[in-house]
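Each residue of the sequence shown is one higher than the one before, starting from -12 at the first, in our numbering. Even for Gly, the Cβ is constructed at its ideal location relative to N, Cα and C.
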Amino acid sequence: MFSKELTNYTKSTLKESKIDIQIKTIVKKVKEKSVVLQIPNKSIVEVPCGMVL
């Protein structure tokens, strides 16, 4: 695992850049302008996006 300091720095930097991190989430489908996710409560959500890494 990564150090707590590195984890906090990374979360802070991504938040400042308005990048949303989804943890414990399954990618069900990648579409041209969105991603379909299964979130921890098992519901399915579609998130619009410009780029997927």
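Practice problem: Note down the Cα distance separating residue 6 from residue 18, rounded to an integer number of angstroms. | Solution: Roughly 19 Å between the two C-alpha positions.
Quiz prompt | Cβ-Cβ distance between residue 11 and residue 24 below 8 Å | solution = For residue 11 and residue 24, no; Cβs fall outside 8 Å.
Quiz item: Taking the alpha-carbon positions, what's the residue 28 to residue -10 distance?
Solution: Distance between the alpha carbons of residue 28 and residue -10: 28 Å.
Exercise. Could you check the C-alpha separation between residue 32 and residue 26 for me, to the nearest Å?
Key: Going from the Cα of residue 32 to the Cα of residue 26 covers about 7 Å.
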